[in-house]
Each structure stands twice: as C-alpha cells, then as structure tokens.
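J.: This is the structure, below, for whatever I ask next.
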Amino acid sequence: MKYAFFQGCNIPIRIQQYATSTTAVFAKFGIELEVIPEFNCCGYPVRNVDEKAYILPSVRNLAIAEKRGMDILVICNCCFASLQKAKNVMGKNPQLMAEMNAILAKEGLHYSGAAAVKHYLTVLYEEVGLEKIKAQRVNAFTDLNIAVIQGCHILRPREITRFDDSFVPRITEELLQATGVKSLDWRGKLECCGAALEGINNDLSHKLLKEKITGAQASGADYITPICSYCHLQFDTTQKNILAVASGEKLLPVLLFPQLLGLCLGIDEQTLGIATNSTIAIEDIQRLKSLLGPPVLEKKKKKAKVAAL
Amino acid sequence: MNFNILLGLSAVVCLVGLIIRLSIWFSQEIRPSTVPTTPVGARLAEALKGVFGALFSAKIFLIIKSVFVDLLFQKRIFDKNSLRWVAHTFIFTGFMLLLLMHAMDSVVTETLFKGYQSTLNPYLFLRDLFGVMVLAGVAIAAFRRITLKPQRLKTYASDWAALVFLGVIILSGMLLEGAKIASPSKYQNMVDEYASFSSEEDAKALEAFWVQENGLVSPNVKLPPAPELVAKGREINGDSCIECHVSYRNAFASFTMAKITPLFFSILGDSATVTLFWYLHIISCLAFLAWLPFSKMFHILAAPVSLIVKSVTGDQVREPSNILTHQMIGLSACTHCGTCSLECSSNMFFESFKNDFILPSEKVQYLKKIAAGKENDPVILKRMQQGLYVCTSCDRCTTVCPSGINLKELFVSARYALLGQGMPETAMLSHFSFPLALAQNFVDDHLQALKKVTDIFKKSFQHLADMALPMTLCKSKDIGNTTFRGCFSCQRCTNICPVVRSYDNPAEALGMLPHQIMFSLGIGNTELAMGAQMIWSCSTCYLCQEHCPNQVELCDIFYTLKNGALNKIEAGANS
Numbered sequence: 000m001k002y003a004f005f006q007g008c009n010i011p012i013r014i015q016q017y018a019t020s021t022t023a024v025f026a027k028f029g030i031e032l033e034v035i036p037e038f039n040c041c042g043y044p045v046r047n048v049d050e051k052a053y054i055l056p057s058v059r060n061l062a063i064a065e066k067r068g069m070d071i072l073v074i075c076n077c078c079f080a081s082l083q084k085a086k087n088v089m090g091k092n093p094q095l096m097a098e099m100n101a102i103l104a105k106e107g108l109h110y111s112g113a114a115a116v117k118h119y120l121t122v123l124y125e126e127v128g129l130e131k132i133k134a135q136r137v138n139a140f141t142d143l144n145i146a147v148i149q150g151c152h153i154l155r156p157r158e159i160t161r162f163d164d165s166f167v168p169r170i171t172e173e174l175l176q177a178t179g180v181k182s183l184d185w186r187g188k189l190e191c192c193g194a195a196l197e198g199i200n201n202d203l204s205h206k207l208l209k210e211k212i213t214g215a216q217a218s219g220a221d222y223i224t225p226i227c228s229y230c231h232l233q234f235d236t237t238q239k240n241i242l243a244v245a246s247g248e249k250l251l252p253v254l255l256f257p258q259l260l261g262l263c264l265g266i267d268e269q270t271l272g273i274a275t276n277s278t279i280a281i282e283d284i285q286r287l288k289s290l291l292g293p294p295v296l297e298k299k300k301k302k303a304k305v306a307a308l
Numbered sequence: 000m001n002f003n004i005l006l007g008l009s010a011v012v013c014l015v016g017l018i019i020r021l022s023i024w025f026s027q028e029i030r031p032s033t034v035p036t037t038p039v040g041a042r043l044a045e046a047l048k049g050v051f052g053a054l055f056s057a058k059i060f061l062i063i064k065s066v067f068v069d070l071l072f073q074k075r076i077f078d079k080n081s082l083r084w085v086a087h088t089f090i091f092t093g094f095m096l097l098l099l100m101h102a103m104d105s106v107v108t109e110t111l112f113k114g115y116q117s118t119l120n121p122y123l124f125l126r127d128l129f130g131v132m133v134l135a136g137v138a139i140a141a142f143r144r145i146t147l148k149p150q151r152l153k154t155y156a157s158d159w160a161a162l163v164f165l166g167v168i169i170l171s172g173m174l175l176e177g178a179k180i181a182s183p184s185k186y187q188n189m190v191d192e193y194a195s196f197s198s199e200e201d202a203k204a205l206e207a208f209w210v211q212e213n214g215l216v217s218p219n220v221k222l223p224p225a226p227e228l229v230a231k232g233r234e235i236n237g238d239s240c241i242e243c244h245v246s247y248r249n250a251f252a253s254f255t256m257a258k259i260t261p262l263f264f265s266i267l268g269d270s271a272t273v274t275l276f277w278y279l280h281i282i283s284c285l286a287f288l289a290w291l292p293f294s295k296m297f298h299i300l301a302a303p304v305s306l307i308v309k310s311v312t313g314d315q316v317r318e319p320s321n322i323l324t325h326q327m328i329g330l331s332a333c334t335h336c337g338t339c340s341l342e343c344s345s346n347m348f349f350e351s352f353k354n355d356f357i358l359p360s361e362k363v364q365y366l367k368k369i370a371a372g373k374e375n376d377p378v379i380l381k382r383m384q385q386g387l388y389v390c391t392s393c394d395r396c397t398t399v400c401p402s403g404i405n406l407k408e409l410f411v412s413a414r415y416a417l418l419g420q421g422m423p424e425t426a427m428l429s430h431f432s433f434p435l436a437l438a439q440n441f442v443d444d445h446l447q448a449l450k451k452v453t454d455i456f457k458k459s460f461q462h463l464a465d466m467a468l469p470m471t472l473c474k475s476k477d478i479g480n481t482t483f484r485g486c487f488s489c490q491r492c493t494n495i496c497p498v499v500r501s502y503d504n505p506a507e508a509l510g511m512l513p514h515q516i517m518f519s520l521g522i523g524n525t526e527l528a529m530g531a532q533m534i535w536s537c538s539t540c541y542l543c544q545e546h547c548p549n550q551v552e553l554c555d556i557f558y559t560l561k562n563g564a565l566n567k568i569e570a571g572a573n574s
C-alpha cells in the first residue's frame, strides 16, 4: 500500500517530526508514504484574498496524484480541508473545472477527480484498524492525561471534510485510547487554536490560544495533542512566544499523535523526533518512557467482556 | 588591431566591472527602516573580520569541504536534478579546462607539462573534447529553458545571451581550427617552415597524404589521390611530421568543421577565412571577458562566495551589517536559473494573480534594482509588494537555490522594507501573515503595516454604529452564496461563536455580530456586511455554520465578504 504524502508548507520546514513520526508509524503497518516534490501549497493561505486562487492549487495537487495513479494522504487539517473543498467545488462546478484544467493542461496535468484525499487518522482507523494497531503494540501508556485538540478544519464543515461526526468525533478518541492514554474531556477539544488570526489580529489569536492552554491545564492535561499542524505551531511555538514566565505561567507541552502511537509501537524517540517539539524537555521524555508498559490489561478485559456476552 | 591591445582593453573593462560589482556588496542593501544603517567602511571592516575569523578557526575545514563539495562537485545542483548537473558540469569543467589548457597555454600548460605542443595528443584531442563538452552543456541548458517554459521557468534575453556567447566562443574556435586544417596556405606555411623535401615527388606525396588523412583541401591534388602516392606520403609523414603533429582526425570536432570551412574559401580565399574566424573567436572571447562582471556570469565569482558563506554560517549571520552584505552577495550570485520558481509552493498563485513577482527568481531580479534605488515606479513596486507577500514561507526556494542564496531572509527584509514605504498591502489580511508572526521578525514593522490596511478597511465602508437613518430593504445581491436567505435570526451562530465570547462588548468590538451580518445580507445591504470588523476577526472555526439549524454557510459567506472587501479596497487604491 502506498500513498502520495501531502505535507503542505509548514511541516517540511517547521514540523519535520510530524512527517517523520507519521512515516515511521505507517511503515510499521506496511504502508509507504511517498513524498511528491511537485506538490505545491494547498491554497489555504490565500483564502481570505481570493476563493478561486484558493481552489486552483489543490486542483493541481489532485491532478498530480491522479497522474501518478495515487491517493493522497494528508497530515495537516487545513491542507486536508482545502483538498476536500477543491474536490467538492470541482464536482459542483464543471465550468470552473474546465477553466482550471485549461491552466493545468499547460504543464500536462488534468483533473478528473480520480484521486481520493484521506486524513492519516482515517487511514489508521479504517484501513489499518484498531485491532491491528492494538496487536502491533509492544507498549501502552498508563497514567497519562492527554488533552486532544481536533482542529476545526478536519471536522467542519462536515459535508466538505467528511471526516467524522463533527459534534461527537470518535476516530481520534478511539485511536488515542489504543495507546492507553486517558483522553480528557475538556472544553477546547473541538474549538479554535487561534492560528487563523495569528499575524492578522494577534490579540484575539493569543486570547483564543491561552483559553485552550489554561482549559487543558485545568482539566489536568499532561500534554496537549494537536491534530492540525497549525494548532501544533500555535501550541509549540506561539505558546512559547507569548508565555509570561515571570508571572508564573506554566508551559503546556505538546506531543503529536504519531509520536504517542510510535512509542507504543516500539519506535525510538529519536525517529519520532520528540525532542524536536520545542515545548518538551528531556525530563518529560524520561517520564513519558517510564509510563510505558506491556499492553496486557486491556486484552484481558476484552476477553472477559466477550466471555460475559 | 593588435591582440594585446584588445586583450588589455577587455581586461580593463572587466576589472572596472568587477570593482563596481564588488563595491555593491558593501554599499547597497535591502533594509526595513527599523534596521540601523551602516557606513560602507564599517561594513567592509565587519565583513573582513568575519572572513579572517573563519579562516583562522576550525571553520577553515568547512571552507575546504565546501570548495570540494559545493564549488567543484556542485552538490546542490546534483541533489536536485542530474540533467542540470550534467549541463552545468560540462560547461563549467569544459570551459575552465579550455581556459587553462588552451587560452592560457603559454602560462599554464607549458609550465606544467614538458613537451607541450598544441598539435600533439592528448592536447589536440582534449581541446576538442572540452569544446564539445561545453557545447553539449549549452544545448542541454537551452533544451531545459525551452521545455520548462510551461512550468513557469522565465527566460530573459540576457539568459539566452549567456548561452549564445558560450556557443559562439566554442563554435568559432572549432571553425577557426577547421579553416586552418583545410587551408592550403596554412599547409604551405607549415611545409615552408619545417619541411625539406629531397624531391618534388616527395612533396606531392606528403600533400596527397594530408589531403587524404588530415583534411587538407588542396588545388594541387586531384581527388581521389592515388593510393601509392598516399602510401609514400604516409611514410614521409611518419618519418618527419608525426613527432610534432599528430593526425588532425584527433581534433574530431574541428576535423568535421574542416569539411564546412572550404565553402568560405571559394568566396573569401582560405587565408582570409582563417583570419575571419580568428577575429570571431578572439573578439567573442574578449567580449565575454568584458561582459562577464556586468552580467549573470558574475556568478562565477559571487556564487562560490555565497556558497562558502552558507557553509560557514549556516545562514545564521548575526552581525547586522554582515546580514546586509550577505544579502548583496546573494543577489549578485543569482544566475536566474529558475530552480526556485520551479519548486515554489506559491506557483499556482502566480497563475491566479498573473504577477511575475510571485515567482522567487523574478523577485530577485527586481530586488537588485530596488537595492540600487533604481526602481521607483509605484505600480511596479506595488506588484512587487504583492509578490513578496503572496508567499507561504515554506523556504523551499532557499533550500533548493544552487547558489546558496538566503532567499528567505532577502524576501522577508524586502517585504518589510517595501511595506514601510507606506503602500498598504491587502494580502497582509491573509494566512500568509501566520508564519511571519510565528517567526517574530520585524514585529513592529508588521503591526505598523497591518494598521495601514485595517485603517483603509475601516474608511472604505459604512458602519452600523454610524448609521442614523433606519435601514431600508432592497433586493438582496448575488454574492455567490445564497444560503443567508435561510436565516431566521435565531442567533445560534452568535451564541456559539468563540470570538464573540472573547469580548466584553462584542457588538462594539466586532461592528456586527454573525447573525446581524446575515440579516444585513438578507435585506440587501452587502456593503454594510462587508465593512463589519467581525469578518476579519472570524477564526474560521466553522462552529456557527455547523450549528446553524438552517444550513446558513456563515463561515463560507465571511470568506466571500472578505474577498469582496479586499477587491473593493484594491479598486479604491487603483482609482
């Protein structure tokens, strides 16, 4: 199994660990992620300026995948939503599709909609499956509280993203549970990290971010696990930029989902790039590893349940 | 004119050019107004301090490594594209070896190799081999420029000029050699100087052999020459000539040219043809020398410096004056090869906005003018500003640049240098601002420039709070999304909005609340909706849209309003 790996613009230069850890995790399940150098920006950054200019880059990316006969696997929520939006618009607007195909034809590309767009969590959940993931674990966490922030553009608008139930998402929750962590029920889980306003309205952006940080901390989170790369940058970079250490504010460290899962699959922390997360200290990694143990308990429970039935 | 006079002249022009280009390194800059300026002397001193600091430290090993890996092997090109590497290596190696072995033979080759004669192997063969290498490289480069045009590779006349120059130098050299090979007068001169025949028959035999074997075109020999005469000539050639002159067939390319050059003999005569090609060869070489510092060929000097600086500093230049000098070295090292534009993540925005300056390679060309203070046309500057801003900060250009130019630093500095001149940039109100805010460079410049756009936004639209008369109903306009018609003002959107929740007095801070904007669209007042601060404060979390009981696509409509508002501001700025 092989996917065209769509990393977007932020991940290759600012969050390489997201790509390397995802690649390592997927390799464990025999899924290869091929980096396609021809991919360009998904279009998301220009959406405030011009909707057509926002759609075109994703159509080109889809056409590139189509030419290679591959489906696209995405790890950034905003890239995911942009690609899905482009597919949706192309399906509804044949005139625009013709217009964009004329532009693509110059470089020998054509969009017909053959390539599918999949979020990496969907592939883990639906194609690999929880059973296989659990079977592959060499370790699982105990006593680790994780506040996950889903990121807006993976869930909403639901008719475009088609990822999960947008009000009660299950995929992320169940995948997290497979690592043995406790996924906290907290207020900011489905809300905005403020990234879309960063650089445009910093005060508001930081207010939204701080609200999430304090919210996660108040609910007892050891780590925050952002699914979207923009959320990651908000928590891993902007948080440090705005943190008022002097007034006693505490840093909320960030751990990406493939890093969590990777540790359970026996992948070493260097490959997972855990130390590259700027909010994580060496002591954190030591403590994390000390929380790992053989994943036996859950299996027993399951068997017991089956027996009870 | 005497060769030495021509050489002297072109050398002087080249030298003056080099001095001008090098002085630019320390005198020009791309500097946001908040970065302090440094006088030329101080910049030069600081740069020299850096150079000596690197030379007399462990960094010398980095420099040595860079010389082999980056300069001689050109690994940065090799890593990206093997065909390009072949082209560049052929041109670079072929030309350099020709320069040393052939053009400077009296200085270099004769000193290094005892018994060097240009008419002996391997030199006779190598000269043609190196020439063919350059020609092959030029051909690949031309092929690349033509075939990559649809992938947004821009080619200027100056790019073709460089390729044509190289081609003419090599071809004229081969034609010159071909003319010499075929020329009967050249042959006669050689015979007069070196040969002494025992009989007329011997002279005829040797000439017949040279016609048969060495490409000579002689009116004295009937074609085809008699085999026994050729055999005798071969014997004489073997006894007397071969020690100093191997067969011209070794000069395989020129030997082929020798079949073309006789066509000129019939018009000009053979001596004049040789002279013509000599002039063509010498003048093209010397003109190239004179042109070099004024063209992109200056990269021969600047790119190695840029690459070594990159290997030593890792693009982390700290001293502010050295940052400016590094910028100028970078600009002068650009070969307009277009690699950055081919890989630019914003390439599709170029297709949408039809603005060349979105492509990094095109930005660089104009940054040279801006650094020199030669670009003052506000229309061009405005397009340049947009080009600089419509960038995803993916840094691919910087990663792939074969000359090792720190493009991202150049572009960020240029962005704020231009923004500081006061022209508002509507693209600032987009997510292109996100990575800039993250990096925290030029924070104050960013906020000042942002204020200019937001002020214009406020001025361009009427606001709900300023309206005295009651609003009237008019026909609702088609904004491309009609779902607002389903709004029945239940205010679910406003109640769920995390932005509304963030303010004590949201109506005042946001101008209008989400449901009010839908209402405004419903009664046909699109302008009022477009002018609400709310659309720029929207975090695009889509909660409103998801929770709307009547499928009003609020967040999508906000995007449409944002697009419309920016268009209106741009139209106002251009009128």
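Top to bottom, those sequences are chains U and L.
In this text, residue positions in the first sequence follow numbering that gives the first Met the number 0: the first is 0, and each later residue adds one.
In this text, residue positions in the second sequence follow numbering that gives the first Met the number 0: the first is 0, and each later residue adds one.
All C-beta atoms in this analysis are idealised placements derived from N, C-alpha and C, irrespective of residue type, glycine included.
In this text the structure is predicted, and so the values were computed from the model without any measurement.
1. Could you check which residue in L/SER475, L/PHE352, L/GLN420 has the C-alpha nearest to that of L/GLY372?
2. Determine the chain L residues that contact U/THR236 at a beta-carbon separation under 7 Å, and present them in chain order.
3. At the 7 Å Cβ level, is L/ASP465 part of the contact set with chain U, yes or no?
4. In this structure, does DSSP put L/ASN52 in helix, strand or coil?
5. Can you tell me whether DSSP reads L/GLU318 as helix, strand or coil?
6. In chain L, which residues lie less than 7 Å from U/ASN201 when you measure between Cβ atoms?
7. Run down chain U in chain order and give the residues with a C-beta less than 9 Å from the C-beta of L/TRP535.
8. Does any residue of chain U bring its CB to less than 7 Å from the CB of L/LEU433?
9. How is U/VAL74 classed by DSSP in three states: helix, strand or coil?
10. Per DSSP, what kind of secondary structure is L/ASN188 in: helix, strand or coil?
11. My understanding is that L/LEU152 touches L/GLY337, with C-beta atoms under 8 Å, so please give their C-beta distance in whole angstroms.
12. Mapping the DSSP letters down to three states, classify U/GLU37 as helix, strand or coil.
13. How many Å lie between L/LEU123 and L/MET103 at the Cα?
14. Return the bridge partner residues of U/TYR2 from the DSSP annotation.
15. Just to confirm, is the Cβ distance from U/PRO338 to L/HIS445 under 7 Å?
16. Cα separation between L/THR391 and L/TYR502?
17. Where does U/LEU129 sit, in a helix, a strand or coil, going by DSSP?
18. Relative to the C-alpha of L/PRO121, which residue among L/ASN236, L/THR324, L/PHE251 is closest?
19. Does L/ALA426 get closer than 7 Å to chain U when you measure Cβ to Cβ?
20. Are the CB atoms of U/ASN144 and U/CYS263 nearer to each other than 7 Å?
21. What residues in the stretch 495 to 507 of chain L have a beta carbon less than 7 Å from any beta carbon of chain U?
22. So the beta strand (DSSP E) L/ALA138 belongs to, where does it begin and stop?
23. Applying the criterion that 16 or more other CB atoms from any shown protein chain within 10 Å of the CB defines a buried residue, is L/TYR247 buried or exposed?
24. Nearest to U/GLN269 by alpha carbon, out of U/SER20, U/ALA195, U/PHE4?
25. Counting only runs that start and end within the stretch 206 to 293 of chain L, where is the alpha helix (DSSP H) found for 4 or more residues in a row?
26. Do we get a CB-CB distance below 7 Å when we pair U/ARG169 with the residues of chain L?
27. Sort L/ALA370, L/PRO377, L/ASP376 by Cα distance to L/PHE410 and report the nearest one.
28. Since L/ASP394 meets chain U, which of its residues come closer than 7 Å, beta carbon to beta carbon?
29. Since L/VAL273 and L/SER182 should fall inside the 8 Å C-beta cutoff, what is the C-beta to C-beta distance between them, to a whole number of angstroms?
30. Closest Cβ-Cβ distance between L/LEU152 and chain U: below 7 Å?
31. Can you list, in chain order, the residues of its chain whose CB lies under 8 Å from that of U/GLY187, leaving out five sequence neighbours each side?
32. Here's a check: name, in chain order, each residue in its chain whose Cβ is nearer than 7 Å to the Cβ of L/PHE348, leaving out the five neighbours to either side.
33. Using a Cβ-Cβ cut-off of less than 9 Å, list which residues of the stretch 216 to 248 of chain U approach chain L; keep chain order.
34. For a contact meaning CB atoms closer than 9 Å, what does U/GLU106 contact in chain L?
35. What does L/LYS476 reach in chain U if we use C-beta pairs closer than 8 Å?
36. Does the Cβ of L/TRP159 have 16 or more other Cβ atoms within 10 Å, making it buried, or fewer, making it exposed?
T.: Well, looking at it:
1. Working through the second sequence from its first residue, we reach residue 372 of chain L at position 373. Of all alpha-carbon atoms in L/SER475, L/PHE352, L/GLN420, the one lying nearest the alpha-carbon of L/GLY372 is that of L/GLN420.
2. On the first sequence, position 237 is the one that residue 236 of chain U refers to. Those are LEU437, listed as they occur along chain L.
3. Numbered from its first residue, the second sequence carries residue 465 of chain L at position 466. So no, L/ASP465 is outside the interface.
4. Looking up residue 52 of chain L in the second sequence gives position 53. The displayed chain sequence assigns Gly, not Asn, to residue 52 of chain L. L/GLY52: helix per DSSP, three-state reduction.
5. Position 319 of the second sequence, counted from the first residue, corresponds to residue 318 of chain L. L/GLU318: coil per DSSP, three-state reduction.
6. Here residue 201 of chain U refers to the residue found at position 202 of the first sequence. Per Cβ cutoff of 7 Å: ALA436.
7. The residue given as residue 535 of chain L occupies position 536 in the second sequence. Within 9 Å Cβ-Cβ: ASN47, LEU196, ILE199, ASN200.
8. Looking up residue 433 of chain L in the second sequence gives position 434. A small correction: the amino acid at residue 433 of chain L is Phe; Leu does not occupy that position in the sequence shown. Yes, its Cβ sits closer than 7 Å to a Cβ of chain U.
9. Taking the first sequence and counting its residues from 1, the one referred to as residue 74 of chain U is at position 75. Sequence check: residue 74 of chain U is Ile here, not Val. Three-state DSSP puts U/ILE74 in coil, outside helix and strand.
10. Residue mapping note: residue 188 of chain L aligns to position 189 of the second sequence, counting from 1. Note: L/ASN188 maps to helix in three-state DSSP.
11. For the purposes of this step, residue 152 of chain L is taken as the residue at position 153 of the second sequence. For the purposes of this step, residue 337 of chain L is taken as the residue at position 338 of the second sequence. Rounded to the nearest angstrom, the Cβ distance from L/LEU152 to L/GLY337 is 4 Å, consistent with a contact under 8 Å.
12. For the purposes of this step, residue 37 of chain U is taken as residue 38 along the first sequence, with counting starting at 1. The answer is coil: DSSP assigns U/GLU37 none of H, G, I, E or B.
13. Within the second sequence, residue 123 of chain L is the residue found at index 124, counting from 1. Within the second sequence, residue 103 of chain L is the residue found at index 104, counting from 1. Answer to the nearest angstrom: the Cα atoms are 15 Å apart.
14. As a working mapping, residue 2 of chain U is identified with position 3 in the first sequence. DSSP, once it has assigned bridges, lists U/LEU32 as partnering U/TYR2.
15. Outside the shown range of chain U (0 to 308) lies residue 338 of chain U, about which nothing can therefore be said.
16. Counted from its first residue, the second sequence places residue 391 of chain L at position 392. Counted from its first residue, the second sequence places residue 502 of chain L at position 503. L/TYR502 has its alpha-carbon roughly 31 Å from the corresponding atom of L/THR391.
17. For the purposes of this step, residue 129 of chain U is taken as the residue at position 130 of the first sequence. In the structure shown, U/LEU129 sits in a helix (DSSP, three-state: H, G or I).
18. Position 122 of the second sequence, counting from 1, holds the residue named residue 121 of chain L. For L/PRO121, the nearest C-alpha among the options comes from L/PHE251.
19. Position 427 of the second sequence holds residue 426 of chain L. Yes, its Cβ sits closer than 7 Å to a Cβ of chain U.
20. Counting from 1 along the first sequence, the entry for residue 144 of chain U is found at position 145. Counting from 1 along the first sequence, the entry for residue 263 of chain U is found at position 264. Not a contact, by the Cβ cut-off of 7 Å.
21. The residues in question are PRO497, VAL498, SER501.
22. The sequence position of residue 138 of chain L within the second sequence is 139, counting from 1. L/ALA138 -> not in any beta strand (DSSP E); alpha helix (DSSP H) instead, spanning 122 to 146.
23. Start at 1 with the first residue of the second sequence, and residue 247 of chain L comes out as number 248. Of the residues assessed, L/TYR247 falls on the buried side of the cut-off, its CB having 16 or more other CB atoms within 10 angstroms.
24. As a position in the first sequence, residue 269 of chain U is number 270, starting the count at 1. Nearest option by C-alpha distance: U/SER20.
25. Correct list: 226 to 235, 251 to 256, 261 to 267, 269 to 290.
26. By 1-based counting over the first sequence, the position of residue 169 of chain U is 170. Answer no: the Cβ-Cβ gap between U/ARG169 and chain L never drops below 7 Å.
27. To locate residue 410 of chain L, count along the second sequence from 1; it is residue 411. When each option's Cα is compared against that of L/PHE410, the closest is L/ALA370.
28. Within the second sequence, numbered from 1, the residue matching residue 394 of chain L stands at position 395. Neighbourhood of L/ASP394 in chain U, by CB distance below 7 Å: ILE12, in chain order.
29. Mapped onto the second sequence, residue 273 of chain L falls at position 274. Mapped onto the second sequence, residue 182 of chain L falls at position 183. 6 Å between Cβ atoms; contact.
30. As a first step, residue 152 of chain L must be located in the second sequence, where it is residue number 153. For L/LEU152, the closest Cβ of chain U is not nearer than 7 Å.
31. As a first step, residue 187 of chain U must be located in the first sequence, where it is residue number 188. ALA146, ILE148, GLU210, LYS211, GLY214, ALA215.
32. In the second sequence, residue 348 of chain L corresponds to position 349, counting from 1. Hits under 7 Å: ILE357, VAL389.
33. When CB distances to chain L are screened at a threshold of 9 Å, the residues of the stretch 216 to 248 of chain U falling below it are TYR229, LEU232, GLN233, THR236, THR237, ASN240, in chain order.
34. Stepping through the first sequence from its first residue, residue 106 of chain U is reached at position 107. Result: PRO149, GLN150, ARG151.
35. Position 477 of the second sequence holds residue 476 of chain L. Within 8 Å Cβ-Cβ: nothing; L/LYS476 doesn't reach chain U, min ~17 Å.
36. Taking the first residue of the second sequence as position 1, residue 159 of chain L is located at position 160. Burial check for L/TRP159: the Cβ neighbour count within 10 Å stays below 16, so the residue is exposed.
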